[in-house]
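Numbering (our numbering), first residue to last: 3 to 588.
Think of the CB as a built atom: it goes at the ideal place given N, C-alpha and C, for glycine as much as any other residue.
Following: one structure in structure tokens, then a few remarks.
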């Protein structure tokens, strides 16, 4: 039985530019006269996994980093559920949707989460690893014989299950549909509940807006609404919190939970751990090797599943999929910034059309990581631009005798620069601090326009953190990143602030990310698109208490992992914390 998988990234493989199949010339098996590595029909290299000895010469010598050869875990003693083609990604097993429950899927990017959802949504037909043959449905059923997945697929085949799928890339909707939001929802509506759903997801104000004119957060809520307006009993949501602010994430979570009943099952892929924990009952962890293979764990309770993910160890399967656990500090354990003044501002104001931003006086010190919390449309990005000197003030003045670096919320996806050219300074100055931890070496030869959202985000963060600056401003650095990448970025941000004695400000909607990385908070209040008020910086406890009270939720720390968790509304802990006015870790 094959215990080895070879994957070749076709976009990175350039045989004519490496000396005409350098990998084949170096392969010990090829040098004996066999064809272990050979040209495919598209001229890209192919590897015969049965002949491959796993010597690891070709992955190490491929100048484009296109080859991965991985020894599979011993427990994988059967064929995959699906493989995209020869030397391409393969998926083992599927998640377990249960009626009456919301089941989450947690894992890093490139591990097959979206592939699994596409199979369950009948968008992708599983081939059991036989990519060059037609696979009969009976073979698929036999593959899962005796499992809950077999029952699910049988019901799906008999059309006893009707499903609705919200894809990850909601930004493609305007390219596939033209017309107003209401016209789109009317086209897909099978329940007659447009007004009710629009009210719950706060779409009413822009129902008559053309779909091409709505923001990313509005588009996400439209996509969720379109999914639930279908007459379905299985709902699949791929990253429903993307583009949403924290208030909208809480509302979206409560809405998705409300879909659950004995006749309905819900599956959710989500990277915001606080939101995933809040909206789900059960959890499947996905692990494996990025862009090579993915495995779905057995189902666990959400709390146990998230803690197992952070620990990197699945006790029931006896599998360690990460060498080190991810640990959270208690708030009081966080180090204070050095009491050295960096920048101050008096009372500030800026008017942008019908929107007015006001900032109360504030001061930043060196060696701090400042979180910025607030709803969308409340002026967070505008305030960052004012500090960066990108935008001029109407009233007040900010000291500008410091150097400022700024990573914007929306990244340039059109550039023809290669990653190596774009990161020239970062590579020469901070290879160990930024390039190696963010695993950017493999991207050097790719153009910025060819990168995925997560890859581009890591490159943009590395570029900004490499600048010679006293104050670094990062606008939504967690967007497009998986859980492990978010926590890795958090550590890097903290290390950069401490080692270079600088201050970093972070605008983000992932409360766990903010909790993990920040030492102080700026809190934005007001009315979106009308007025915003900046207060702080506060200590984490004071700032979070103010923000969470406005949100109407309380946070506690998990006893084992110390990660932040939202209390169930009106639970004993929730009532206790509200009563003592401790909304944050009471």
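Cβ neighbours of residue i in the same chain (closer than 7 angstroms, five flanking residues each side left out)
i: residue 339; result: A caution first: residue 339 carries a pLDDT of 47, below 50, which makes its placement in the model too unreliable to give a value.
i: residue 489; result: 328 and 518
i: residue 580; result: 556
i: residue 563; result: 309, 312 and 330
i: residue 515; result: 480, 488 and 492
i: residue 183; result: 205, 208, 209, 211, 213, 216 and 224
i: residue 382; result: 374, 376, 509 and 526
i: residue 176; result: 213 and 214
i: residue 500; result: 369
i: residue 390; result: 406, 408 and 475
i: residue 143; result: 152, 155 and 156
Cβ shell of residue i (< 8 angstroms), same chain only, five flanking positions each side left out
i: residue 336; result: Model confidence at residue 336 stands at a pLDDT of 48, short of 50, so the residue's coordinates are unreliable; what they give is reported in the following sentence. 521 and 542, listed in sequence order.
i: residue 356; result: 531 and 532
i: residue 6; result: 51, 54, 56, 71, 72, 73 and 74
i: residue 304; result: 106, 278, 279, 282, 283, 284 and 285
i: residue 417; result: 424, 449, 450 and 451
i: residue 486; result: 110, 324 and 328
Own chain partners of residue i with C-beta closer than 6 angstroms, once the 5 adjacent residues on each side are dropped
i: residue 167; result: 123 and 238
i: residue 462; result: 409 and 413
i: residue 146; result: 152
i: residue 407; result: 466, 469, 471 and 474
i: residue 361; result: 350 and 536
i: residue 380; result: 526, 528, 530 and 534
Proximity of residue i and residue j at Cβ, strictly below 8 angstroms
i: residue 372; j: residue 508; result: yes
i: residue 411; j: residue 267; result: no
i: residue 287; j: residue 316; result: yes
i: residue 247; j: residue 271; result: no
i: residue 385; j: residue 359; result: yes
i: residue 398; j: residue 348; result: yes
i: residue 9; j: residue 89; result: yes
i: residue 482; j: residue 456; result: yes
i: residue 105; j: residue 84; result: no
i: residue 558; j: residue 567; result: yes
i: residue 460; j: residue 275; result: no
Identity of the residue in the options nearest residue i by Cα
i: residue 232; options: 191, 244, 271 and 358; result: 191
i: residue 300; options: 67, 107 and 558; result: 107
i: residue 440; options: 186, 363, 536 and 429; result: 429
i: residue 476; options: 400, 375 and 538; result: 375
i: residue 82; options: 148, 296 and 125; result: 296
i: residue 150; options: 175, 576 and 98; result: 98
i: residue 249; options: 64, 277, 140 and 94; result: 277
i: residue 444; options: 435, 128, 422 and 554; result: 422
i: residue 424; options: 453, 162 and 118; result: 453
i: residue 186; options: 61, 227, 60 and 389; result: 227
i: residue 26; options: 346, 244, 63 and 126; result: 63
i: residue 523; options: 549, 178, 137 and 264; result: 549
i: residue 420; options: 404, 403 and 442; result: 442
i: residue 264; options: 236, 180, 59 and 346; result: 236
i: residue 257; options: 198, 59, 171 and 294; result: 198
i: residue 32; options: 59, 14 and 12; result: 59
Bridge-paired residues (DSSP) for residue i
i: residue 73; result: 6
i: residue 211; result: In DSSP, residue 211 forms no bridge with anything.
i: residue 567; result: 558
i: residue 257; result: DSSP output for residue 257 lists no bridge partner at all.
i: residue 540; result: 523
heavy atom of the ligand SAM below 7 angstroms from residue i C-beta
i: residue 252; result: Of the ligands one can find in the structure shown there are none, so the ligand SAM has no counterpart to examine.
Closer than 8 angstroms to chain B by CB, residue i
i: residue 136; result: This model lacks chain B altogether, as it is built from one protein chain only.
Q | Continuous beta strand (DSSP E) assignments of at least 3 residues falling wholly in the stretch 115-168 | A | 165-168, all fully within the stretch 115-168.
(Q) Just to confirm the assignment: which complete alpha helix (DSSP H) runs, minimum length 4, are found wholly within the stretch 374-424? (A) For the stretch 374-424, whole alpha helix (DSSP H) runs of length 4 or above, ordered along the chain, are 382-390 and 421-424.
Q. Mind pulling the alpha helix (DSSP H) runs of 4 or more residues that sit fully within the stretch 273-344?
A. Counting only runs of 4 or more, we get 275-281 and 304-313.
Q: Output the residue ranges of the alpha helix (DSSP H) runs that lie fully inside the stretch 3-58 and measure 4 residues or longer, sorted by chain position.
A: Segments of the alpha helix (DSSP H) lying fully in the stretch 3-58: 24-28.
Q: Just list the alpha helix (DSSP H) runs in the stretch 446-490, keeping only unbroken ones of 4 residues or longer that don't cross its boundaries, in chain order.
A: For the alpha helix (DSSP H) assignment, the uninterrupted runs of no fewer than 4 residues enclosed by the stretch 446-490 are, from N- to C-terminal side, 455-467.
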